[in-house]
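First residue of the sequence shown: 4, per our numbering; consecutive thereafter. From the three backbone atoms N, C-alpha and C, an ideal C-beta is built for every residue, glycine too.
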Amino acid sequence: MSPFWEKFFYLLTFISQGSSFLNPRAYAILHRMHHAYSDTEKDPHSPHFFKDVWSMTMQTKNIYLDYLLHRKEPEPAFRGNYPTWPILDRLSDSWITRVVFGVGYTAFYIAFATHWWMFLLLPVHFFMGPIHGAAVNWCGHKYGYSNYDNDDHSKNSLPLDFLMMGELFQNNHHKSPNDANFAKKWYEVDPTYHIIRFLHAVRIIRLRKIRS
Ligand SMILES: [Zn+2]
Numbered sequence: 004m005s006p007f008w009e010k011f012f013y014l015l016t017f018i019s020q021g022s023s024f025l026n027p028r029a030y031a032i033l034h035r036m037h038h039a040y041s042d043t044e045k046d047p048h049s050p051h052f053f054k055d056v057w058s059m060t061m062q063t064k065n066i067y068l069d070y071l072l073h074r075k076e077p078e079p080a081f082r083g084n085y086p087t088w089p090i091l092d093r094l095s096d097s098w099i100t101r102v103v104f105g106v107g108y109t110a111f112y113i114a115f116a117t118h119w120w121m122f123l124l125l126p127v128h129f130f131m132g133p134i135h136g137a138a139v140n141w142c143g144h145k146y147g148y149s150n151y152d153n154d155d156h157s158k159n160s161l162p163l164d165f166l167m168m169g170e171l172f173q174n175n176h177h178k179s180p181n182d183a184n185f186a187k188k189w190y191e192v193d194p195t196y197h198i199i200r201f202l203h204a205v206r207i208i209r210l211r212k213i214r215s
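Structure, rendered in structure tokens:
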């Protein structure tokens with residue numbers, strides 16, 4: 004995408020992820036490590052090295068913070084080709100920003116919730132990023148079926164992956180990580196791919212390869 008659209012989506016991601024914004028550079032480094040070392044000890048979030056999803060998520064958070072705060076530098080193979088926006092990177096990781104978003108979500112509930120129990124859903128909004136990450140990283144390498152032998156434990160968890168917008172086709176994704184379409188079989192649907200195709204059709208992004 005062009006530098007304008009890159010900034011646009013960076014900002015849109017910040018606004019929509021809000022209190023649980025994940026920094027693109029740190030996210031990219033972790034994701035590249037995950038692909039290079041899938042389900043080995045060097046994988047930042049393999050469920051096969053932890054007794055529960057909580058301990059896996061805590062380790063993922065620590066490794067994420069190492070790269071976010073430059074406490075550690077990544078291996079050369081995992082560097083570069085990610086967007087950075089120094090001012091927004093600092094702003095998005097500040098506690099003031101997180102609290103402002105949290106207060107905003109709570110105010111929305113105060114204005115629109117019709118039953119008290121709805122307020123129990125607020126933590127989902129506060130921790131949307133880590134919850135999504137934990138679900139994909141844990142389930143996607145533990146539960147479901149495999150189309151390919153990738154020499155790891157990656158699985159396709161749901162044939163109709165509407166819950167995680169296609170991201171739970173981990174087995175397909177590890178087989179061909181550069182394919183924007185995570186669905187491979189006729190009964191698999193990757194909703195995000197269709198959004199990507201739309202963005203390509205209206206020339207906001209340019210896909211290098213298109214599969215029909
Ligand atoms: Zn994976």
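Could you compute how far the alpha carbon of residue i sits from the alpha carbon of residue j?
| i | j | result |
| --- | --- | --- |
| residue 116 | residue 194 | 29 Å |
| residue 31 | residue 71 | 11 Å |
| residue 155 | residue 42 | 6 Å |
| residue 206 | residue 142 | 34 Å |
| residue 6 | residue 93 | 20 Å |
| residue 1 | residue 85 | No information on residue 1 is available, as it lies outside the stretch 4 to 215 that the chain covers here. |
| residue 119 | residue 55 | 31 Å |
| residue 190 | residue 163 | 7 Å |
| residue 20 | residue 149 | 31 Å |
| residue 104 | residue 124 | 15 Å |
| residue 62 | residue 108 | 27 Å |
| residue 131 | residue 37 | 21 Å |
| residue 4 | residue 201 | 14 Å |
| residue 44 | residue 52 | 7 Å |
| residue 137 | residue 18 | 21 Å |
| residue 198 | residue 66 | 31 Å |
| residue 100 | residue 127 | 17 Å |
| residue 29 | residue 134 | 17 Å |
| residue 178 | residue 8 | 29 Å |
| residue 140 | residue 91 | 26 Å |
Applying the 10 Å Cβ sphere with the 16-neighbour rule, what's the burial state of residue i?
| i | result |
| --- | --- |
| residue 82 | exposed |
| residue 152 | exposed |
| residue 121 | exposed |
| residue 47 | buried |
| residue 58 | exposed |
| residue 27 | buried |
| residue 75 | exposed |
| residue 114 | exposed |
| residue 24 | buried |
| residue 111 | exposed |
| residue 212 | exposed |
| residue 60 | buried |
| residue 186 | buried |
| residue 158 | buried |
With hydrogens ignored, establish whether the beta-carbon of residue i is closer than 7 Å to any heavy atom of ligand 1.
| i | result |
| --- | --- |
| residue 177 | yes |
| residue 143 | yes |
| residue 62 | no |
| residue 37 | yes |
| residue 157 | yes |
| residue 20 | no |
| residue 95 | no |
| residue 149 | no |
| residue 41 | yes |
Determine, using beta carbons only, whether residue i comes closer than 8 Å to chain D.
| i | result |
| --- | --- |
| residue 6 | Annotation note: the requested chain D is absent from the structure, which comprises a single protein chain. |
By Cβ distance below 6 Å, which residues in the same chain neighbour residue i in space, the five residues on each side in sequence not counted?
| i | result |
| --- | --- |
| residue 145 | 50 |
| residue 216 | Only positions 4 to 215 of the chain appear in the structure, and residue 216 is not among them; the question remains open. |
| residue 203 | 210 |
Report all residues from its chain with a CB closer than 7 Å to the CB of residue i; omit the five preceding and five following residues, and keep chain order.
| i | result |
| --- | --- |
| residue 40 | 46 |
Excluding the five sequence neighbours on either side, which residues of its own chain have a C-beta within less than 8 Å of the C-beta of residue i, listed in chain order?
| i | result |
| --- | --- |
| residue 88 | 10 and 13 |
| residue 33 | 47, 48, 63, 66, 67 and 70 |
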